[in-house]
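Numbering (the working numbering), first residue to last: 7 to 1116. Just so you know, even glycine gets a beta-carbon here, dropped at the ideal spot from N, CA and C. Below is one structure, written out as structure tokens; comments come after it.
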């Protein structure tokens, strides 16, 4: 069979080559355009995929985007977060079998873990062969075995998932060719398991067993070689044909001969493709190839060999030129997503649901002004189209032939160009009603004549200047005519009139009659400006149905009845200006349907019933169909092919074949209800976000890949957002949810794609969401999220038991203490007299001791000042800085330290445990340890300095160096900075201390580690981490202890707090350094007022002078 397969493959290539001479079509395309205005991070799209969940992922030159049909969730690089995207310029995107998203960027490889929501990044290291071969990634691809392959400029790299490293496979590299274009050098595994690799020097296939490449390159003298060496894309279609896009045309590879057939090259005289640079190739469900080039996109049918170019398109009311199409994605429903320089182009190429008659082949209106007032069909298949002021057209929908009858015409004259009604009576005569009378069509003469004159009926001029709304015939053949000035009946060639008499309740409710019908029982129904009327043909008397002043629910919602219809079950459907009614003649009850029930609009213009008993209504904002069995309503709009959103009163018709016709302000639509195309593919559904609204923490929780989530009872409210991942008409997707544990009922949300819950009791809940696409195809399985609302401990049964026990203990303790109190009081009175005699003696001794202690503390202060760096030395090393040092006591537990070695400046701010003398001794030990670590040990890494300081402090206060023999549990909170003057880098490590960086009037908090120096023991491996921050001009750096923020004061005697401290720094950071120090001092003194200082205060502000750092 192999020879047969090869034979057909050769024939296919030959046929395609022959048929490229077929004229190329050009066509418009229905599209939507998404760009930064819609939420994308950038309009330049470099990659588009649909993942296994159903989300759409869009890579750009400035970040990653996830689209759920409603919103774009964006991902960008954060320089301060190592678990963010490695670089915003993304060249390639793919999803692995675990749902993780891999991204090739201009600076490394990133993978987004769907479980954690974090990025893990991989970079090249020139000294490590187990890293990426280069940081610029052109393509990332997963093969059928789940192996991730990465293409760089000169190598194919394989990711070894178990070892978390890479194997490099360099390929041929011509040093005299170079390329940096995004989207180049594709990787593709074909149906035969061959791994194809595009390079700048030709097409390679990689032998994964022998670890070698075989290269196919261009030979200018051989047209059977590949047309260009720069490979842009490799793709295999559903017939296993391998297509290769290059910088000069499209190539079809013949596996039998190892030859290439070339198409659309620059040298091809028959080339109708707008550009020969083929960036991307994809295939839709119909087998059509879609080709993205530098100047647009095109479709190519390999069977008929028809090429259609799409180089411009209309979207969002504007004309756009498509350019630089780098990616194409065909989603599960067949929608094309095209990544271009203008943004993301969406093209839903499914056929429209309704046939439209609006414009001719030249784009001109078919029916003059196209405002359709009436429609009917004669026995010859001609459609008679009455317009609003542009005459009457006889239209053949098969040939497109049309004949105009108008007031201005002599041969085809009609009374008035406003033709509001047309009607085929029981004698197959065509009657038309205008604003100036009624006429009948004479087929033999091909003209209209006065109806009353033709029938020999005296009409007394009642129909001159009178708008004719509609016609109906009863079972006796009597014609009923609804007009602006009354209701009329022609019986036995005699004209009878019905009008409103306010004094007679058996007359009709209004003289302006919009519609008239005859029901299956022979009763006449007239819809008027002021109510509905049922007329007994025998008594000629009317029963009235009008809304009273207060709507009761069983009466008309509005008295303006615009259209009527009796269905096959005998129900009367009443269209009003404020909703649709179904009237049950047995109960005299009106059931109301409005926009709340799914109608697109409450103004009902016309009503028709199809052969399955479904009710179709035209409105002021679209078309709707109602299923009387379920009362469910589905609506349609312009995107479904309607002539416009707005239809016209009475402008509808149901043909004998069951075809529906509805007219509006831009033509008319025709359709067979059973032939409307419905998307029956069950859509995927996803929970997209979980937003905490109440409580202390307002935040959005990631729920991707999770089946369970826990929240606190303190969460007073939360919102769950979800999406049906069918993008045909996302705004028309429907949803319903059930929250088991709260209720077992399903709640219909309509098109709302979120649900909010508040004040849930503690317990376990199961939230299940199901939904449908815009054609009401439901995903009944849905998506379930288990929600656990945790009860706080203080409200648990154990807590209540503890409360009771503590209360009992408290009572016992109180009684015992009270007895002891009485005994102690008695003893106290006895001893008081004796104690008073000793007070005077003790007072004198205390005065002497206090003087001795004060002298010792002052001496300790001099020792501390001697060992600490002087202010002069501090200013010498950091001239653009200030130092604010305000001890609580004579000696301080806060100290600063500064040193310079090897063109690096070391600065530390340290808060020792305690105040006064204990703090002072700690500071002396800390200074000596820092001096030894930096000067003697030569350590110049901030984190390592803190690690060694931590060890030194622990060893200093331990009796021996065993793990559990610490005698003193004192420690230090440290902010340690190293300013690299040569490289303009600030290195920071913190032990329970942070650093503030103000840049461009924005403050950034660099957080230290959450443990102190010296508070553990040697067995606890607490390793501190360093932060590296490039220094920029005008940067302002602040390090500090917590004494400033902890100071009590102000009007309410509260702490100053770090929030107020940051605000102060933002306000003063541009002032001279000494002015900043003075503001800080004045601010804390004003805040403190008469309160005591609660802690030592130390603040250092540094403005690095970049001009000196070389």
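Boundaries of the alpha helix (DSSP H) in which residue i is found, first to last residue
i: residue 1085; result: 1079-1094
i: residue 1033; result: Unbroken run through residue 1033 is the beta strand (DSSP E), 1033-1036; no alpha helix (DSSP H).
i: residue 958; result: 948-962
i: residue 325; result: That residue, residue 325, is in no alpha helix (DSSP H); its beta strand (DSSP E) goes 324-327.
i: residue 883; result: 877-883
C-beta atoms of residue i and residue j nearer than 9 Å
i: residue 1013; j: residue 996; result: yes
i: residue 1037; j: residue 990; result: yes
i: residue 689; j: residue 339; result: yes
i: residue 609; j: residue 615; result: no
i: residue 238; j: residue 270; result: no
i: residue 223; j: residue 255; result: no
i: residue 431; j: residue 383; result: no
i: residue 536; j: residue 565; result: yes
Where residue i sits in the DSSP three-state scheme
i: residue 354; result: coil
i: residue 627; result: coil
i: residue 646; result: helix
i: residue 870; result: helix
i: residue 827; result: helix
i: residue 969; result: The predicted model places residue 969 with a pLDDT of 45, which falls under 50 and marks its position as unreliable, so this point remains unresolved.
i: residue 981; result: strand
i: residue 786; result: strand
i: residue 33; result: Confidence is the limiting factor: at residue 33 the pLDDT is only 48, short of 50, which leaves the residue's position unreliable and the question unanswerable from this model.
i: residue 259; result: strand
i: residue 808; result: helix
i: residue 222; result: strand
i: residue 838; result: helix
i: residue 121; result: coil
i: residue 550; result: strand
i: residue 776; result: strand
i: residue 1102; result: coil
i: residue 673; result: strand
i: residue 602; result: helix
Extent of the continuous beta strand (DSSP E) to which residue i belongs
i: residue 56; result: 51-56
i: residue 1003; result: 1001-1005
i: residue 1066; result: Counting along the chain, residue 1066 falls outside any beta strand (DSSP E), though it belongs to the alpha helix (DSSP H) covering 1063-1074.
i: residue 593; result: Segment: none, residue 593 is in no beta strand (DSSP E) and carries neither H nor E.
i: residue 302; result: 302-306
i: residue 445; result: 443-448
i: residue 236; result: Unbroken run through residue 236: none, as it is neither H nor E.
i: residue 523; result: 519-524
i: residue 176; result: 171-176
i: residue 713; result: Careful: residue 713 lies outside any beta strand (DSSP E) and carries neither H nor E.
6 Å CB neighbourhood of residue i in its chain, flanking five on each side removed
i: residue 392; result: 379, 380, 398, 425 and 428
i: residue 327; result: 318
i: residue 774; result: 744, 788 and 790
i: residue 935; result: 955 and 958
i: residue 977; result: 919, 1018, 1019, 1020 and 1021
Chain-order list of residues whose beta-carbon lies under 7 Å from that of residue i (same chain, five-residue window excluded)
i: residue 116; result: 91, 92, 109, 125 and 127
i: residue 947; result: 1032
i: residue 24; result: Reliability fails at residue 24, whose pLDDT of 34 lies under 50, so the model's placement of it is uncertain and the value that follows must be treated cautiously. So no residue of the chain qualifies.
i: residue 548; result: 512, 513, 514, 539, 540 and 541
Residues near residue i in its chain [Cβ-Cβ closer than 8 Å; skip 5 each side]
i: residue 4; result: Lying before the first or after the last residue shown, residue 4 is absent from the chain, which here runs from 7 to 1116.
i: residue 756; result: 604, 740 and 741
i: residue 148; result: 100, 101, 102, 103, 108, 154 and 155
i: residue 1120; result: Look at the range of the chain in this structure, 7 to 1116, and you will see that residue 1120 is not part of it.
i: residue 43; result: none
Chain D contact for residue i (CB, 9 Å cutoff)
i: residue 529; result: Among the chains of the structure shown, chain D does not appear; only one protein chain is present.
Only counting runs of 3 or more residues, tell me where the beta strand (DSSP E) segments fall wholly within the stretch 459-510, in order along the chain.
Counting only runs of 3 or more, we get 474-479, 485-489, 492-497 and 500-504.
For the stretch 903-941, list the alpha helix (DSSP H) runs that are entirely contained and at least 4 residues long, ordered along the chain.
You should have 922-937.
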